[in-house]
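Chemist: Letter 86 of the sequence shown, counting from 1, is numbered 86 in UniProt numbering, and no numbers are missing.
Idealized CB from N, CA, C, for every residue including glycine.
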Amino acid sequence: MTDTATTTPDAHSPEGQFATFRERREQAVVQPKGNLALVNTQWIDSEQTVWNAPGTWAPLPAGESGLQLTASASDGIRLNGEVVDGTVIVRGKDSDEPGDIVFSDTVTGFVIAGATGGYALRVWDADSDAIQNFGGIDAYPYNPDWVVEAKFTELPGATMPFEHTRDEGRTREVELPGEISFSKDGVDYSLAAIESGRALQIVFSDATSGVDTYSVGRFLYVAPDASGRVTLDFNRAVLPPCGFSYAFNCPMPPMQNRFAVPIEAGEKNVLAKDGSLLH
Numbered sequence: 001m002t003d004t005a006t007t008t009p010d011a012h013s014p015e016g017q018f019a020t021f022r023e024r025r026e027q028a029v030v031q032p033k034g035n036l037a038l039v040n041t042q043w044i045d046s047e048q049t050v051w052n053a054p055g056t057w058a059p060l061p062a063g064e065s066g067l068q069l070t071a072s073a074s075d076g077i078r079l080n081g082e083v084v085d086g087t088v089i090v091r092g093k094d095s096d097e098p099g100d101i102v103f104s105d106t107v108t109g110f111v112i113a114g115a116t117g118g119y120a121l122r123v124w125d126a127d128s129d130a131i132q133n134f135g136g137i138d139a140y141p142y143n144p145d146w147v148v149e150a151k152f153t154e155l156p157g158a159t160m161p162f163e164h165t166r167d168e169g170r171t172r173e174v175e176l177p178g179e180i181s182f183s184k185d186g187v188d189y190s191l192a193a194i195e196s197g198r199a200l201q202i203v204f205s206d207a208t209s210g211v212d213t214y215s216v217g218r219f220l221y222v223a224p225d226a227s228g229r230v231t232l233d234f235n236r237a238v239l240p241p242c243g244f245s246y247a248f249n250c251p252m253p254p255m256q257n258r259f260a261v262p263i264e265a266g267e268k269n270v271l272a273k274d275g276s277l278l279h
């Protein structure tokens, strides 16, 4: 008699593909620039020091990409492979030649541009406390009921105000490529989708948020085909980066993406080695 509790699913089955997805997710978040490695995001609006990073940092004149860094050779900072000894410009990720910073064997950094101007230094530690104490990502078992077929409809020129976790209630207008609509259990849904690289990103919450799953909500990435058909596999719903580090600033679900029903599929919370919540 087969013990189904310990049977490994076929790698090509939905359950097997889900298991592979889960393994890759847990590997990704502990990488040197994975979600658990981010230890600081500090916005620079005057000359200042940065926690967990040597040197002195200052803004550049308006319209210039990046930050000014002043350090001595004894600080051991390398910018694009060269030791910094004096004052240099570290270009932001919005530049054609962004700066790559190495502070130590485990600590690195780069500069990001703000949505409304300004620049911040992001500091990553490949040996962070969060990585050392990471126990896993708690997730629901594979649930075929939350694999649904949907339709993507383009909305040229549309925008939507999104609130972010660290913006103190302020909103920012985000381009809205379109909406994703589907029906489930007699209820019609129309979800706002934003761009994320080559994919579309759905920022959503549901009746499990703050109860069984991370309170801010979760993300789902999808790619419609040429006709607009798209499969929403909520088993691949992931925790936002801010579920791993407070140094991230994540978008929060707009009203139309807040489900009244529980979606018992996808990731739930980040766990420490002792099984408690890590974050």
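According to DSSP, simplified to helix, strand and coil, what is residue 154?
Modeler: Taking the first residue of the sequence shown as position 1, residue 154 is located at position 154. Note: residue 154 maps to strand in three-state DSSP.
Chemist: What residues are listed by DSSP as bridge partners for residue 189?
Modeler: Against the sequence shown, residue 189 aligns to sequence position 189. Per DSSP, 182.
Chemist: Which partner residues of residue 172 appear in the DSSP bridge assignment?
Modeler: Position 172 of the sequence shown, counted from the start, is the residue given in the question as residue 172. BP columns for residue 172 point to 162.
Chemist: Considering Cα atoms alone, identify which of 199, 243 and 241 is closest to residue 225.
Modeler: If you number the sequence shown from 1, residue 225 lands on position 225. Cα-wise, what sits closest to residue 225 is 199.
Chemist: Taking the C-alpha atoms as reference points, what is the distance between residue 2 and residue 16?
Modeler: Translated into positions along the sequence shown, residue 2 becomes position 2. Translated into positions along the sequence shown, residue 16 becomes position 16. A caution first: residue 2 carries a pLDDT of 37, below 50, which makes its placement in the model too unreliable to give a value.
Chemist: Quick check on DSSP: helix, strand or coil for residue 51?
Modeler: As a position in the sequence shown, residue 51 is number 51, starting the count at 1. If DSSP states are grouped into helix, strand and coil, residue 51 belongs with coil.
Chemist: Which same chain residues, not among the five before or five after residue 10, have their C-beta less than 8 Å away from its C-beta?
Modeler: Counting from 1 along the sequence shown, the entry for residue 10 is found at position 10. Same-chain partners within the cutoff: 16.
Chemist: Does residue 201 come out as helix, strand or coil in the three-state DSSP assignment?
Modeler: Taking the first residue of the sequence shown as 1, we reach residue 201 at position 201. Correct three-state label for residue 201: strand.
Chemist: Please state whether the Cβ-Cβ distance between residue 56 and residue 64 is less than 8 Å.
Modeler: Position 56 of the sequence shown holds residue 56. Position 64 of the sequence shown holds residue 64. The answer is no: Cβ separation not under 8 Å.
Chemist: Taking 8 Å as the threshold (C-beta atoms), are residue 202 and residue 176 in contact?
Modeler: The residue labelled residue 176 in the question sits at position 176 within the sequence shown. The residue labelled residue 202 in the question sits at position 202 within the sequence shown. No. Outside cutoff.
Chemist: Where does residue 79 sit, in a helix, a strand or coil, going by DSSP?
Modeler: Walking along the sequence shown from the start, residue 79 turns up at place 79. Note: residue 79 maps to strand in three-state DSSP.
Chemist: Which residues in the same chain as residue 104 place their Cβ atom closer than 8 Å to its Cβ, once the five residues preceding and following it in sequence are excluded?
Modeler: Your numbering for residue 104 matches position 104 in the sequence shown. Hits under 8 Å: 76.
Chemist: Under a three-way DSSP split, which group does residue 94 fall into?
Modeler: As a first step, residue 94 must be located in the sequence shown, where it is residue number 94. Residue 94 falls in the coil class under three-state DSSP.
Chemist: Going straight from the alpha carbon of residue 259 to that of residue 119, what length do you get?
Modeler: Looking up residue 259 in the sequence shown gives position 259. Looking up residue 119 in the sequence shown gives position 119. Each residue's alpha carbon lies about 35 Å from the other.
Chemist: Report yes or no: do three or more beta-carbon pairs, one from the region 258 to 273 and one from the region 164 to 179, lie closer than 8 Å?
Modeler: no
Chemist: Could you work out which residue in 39, 204 and 117 is closest to residue 126 when comparing CA atoms only?
Modeler: Translated into the one-based positions of the sequence shown, residue 126 becomes position 126. Closest option to residue 126, Cα to Cα, is 39.
Chemist: Looking only at C-alpha atoms, which of 155, 26, 68 and 169 sits nearest to residue 101?
Modeler: Locating residue 101 in the sequence shown gives position 101, counting from the first residue. The shortest C-alpha separation from residue 101 is found at 68.
Chemist: What's the gap between the Cα of residue 62 and the Cα of residue 92?
Modeler: For the purposes of this step, residue 62 is identified with residue 62 of the sequence shown, where counting begins at 1. For the purposes of this step, residue 92 is identified with residue 92 of the sequence shown, where counting begins at 1. Whole-angstrom Cα-Cα distance: 13 Å.
Chemist: Have a look at 42, 210, 89 and 253 and flag the residue whose alpha-carbon is nearest the alpha-carbon of residue 60.
Modeler: As a working note, residue 60 is residue 60 in the sequence shown. When each option's Cα is compared against that of residue 60, the closest is 89.
Chemist: Smallest Cα separation from residue 37: which of 122, 250 and 158?
Modeler: Here residue 37 refers to the residue found at position 37 of the sequence shown. Ranking 122, 250 and 158 by Cα distance to residue 37 puts 122 first.
Chemist: Could you say which of 140, 107 and 137 lies nearest to residue 52 if we only look at CA atoms?
Modeler: As a first step, residue 52 is located in the sequence shown; it is residue number 52 there, counting from the start. That would be 107, whose Cα lies nearest to the Cα of residue 52.
Chemist: Kindly indicate the opening and closing residues of the beta strand (DSSP E) around residue 8.
Modeler: Working through the sequence shown from its first residue, we reach residue 8 at position 8. Per DSSP, residue 8 belongs to no beta strand (DSSP E) and is neither H nor E.
Chemist: For residue 145, which three-state DSSP category applies?
Modeler: Here the question's residue 145 lines up with position 145 in the sequence shown. Three-state result, residue 145: helix.
Chemist: Indicate the three-state DSSP secondary structure (helix, strand or coil) for residue 106 in the structure shown.
Modeler: Taking the first residue of the sequence shown as 1, we reach residue 106 at position 106. Coil at residue 106, not helix or strand.
Chemist: Pull up the distance between the alpha-carbon of residue 74 and that of residue 87, whole angstroms please.
Modeler: Position 74 of the sequence shown, counted from the start, is the residue given in the question as residue 74. Position 87 of the sequence shown, counted from the start, is the residue given in the question as residue 87. Cα to Cα, the separation comes out at about 14 Å.
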